[in-house]
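K.L.:
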Ligand SMILES: [Zn+2]
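Residue numbers (the numbering used here): 13 to 196.
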């Protein structure tokens, strides 16, 4: 894993600044979870493209979305310090979780083997920094039931994706296998 950081700017919507967005900046509850997402379906994006979208949006103010890390193959871009709240899960989990976005290798949302290895190392790094075991969850496991990360959920109704990826049990099974590997 190659970990670099380029933190989002204070005062931008993606990061928050108590003086102008009234967003809470720091965690006040103990961390409990790590939440996995996909950037999709955009396999050709780089971590920097994603980070700069959060930072700037279409009008330079940024968008109300962010996560702590963006992973693509061996590269990890850290966008938020580990003691700050990100805006990724769409529910209260933002207040006790670290968010990780993975750029998939295809439009189905499949993670490359290299990304999966990097993700495993990153999870170990975060748990070490946190000094405790943080449970892995998907964005899908929250209130929104969003199809994220789509390839690893039961919602896989994507046009143009090979039939073998379309069975609902498959997505759930793929998540259980992935989670098992990441926790091992
Ligand atoms: Zn997500």
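Think of the CB as a built atom: it goes at the ideal place given N, C-alpha and C, for glycine as much as any other residue. Computed from a prediction, not measured in an experiment: that's the story for all the values here.
Just mark residue 167 as buried or exposed, buried being the case when its beta carbon has 16 or more other beta carbons within 10 Å.
P.N.:
exposed
K.L.:
Using the three-state DSSP reduction, which class does residue 38 fall into: helix, strand or coil?
P.N.:
Note: residue 38 maps to strand in three-state DSSP.
K.L.:
Quick check on the contact list: which residues have their beta carbon closer than 5 Å to a heavy atom of ligand 1?
P.N.:
49, 151 and 160
K.L.:
Using C-beta distances below 8 Å, list every residue in its chain close to residue 78, excluding the 5 sequence neighbours before and after it, in chain order.
P.N.:
20, 26, 27, 66, 91, 92, 98, 99, 100 and 111
K.L.:
For residue 16, report the span of its alpha helix (DSSP H) as first-last.
P.N.:
Premise fails: residue 16 lies in the beta strand (DSSP E), 14–17, not in any alpha helix (DSSP H).
K.L.:
Within 10 Å of its beta-carbon, does residue 18 have 16 or more other beta-carbons around it, so buried, or fewer, so exposed?
P.N.:
Result: exposed.
K.L.:
Ignore the nearest five residues each way along the sequence and tell me which others in residue 62's own chain have a CB closer than 6 Å to its CB.
P.N.:
51 and 82
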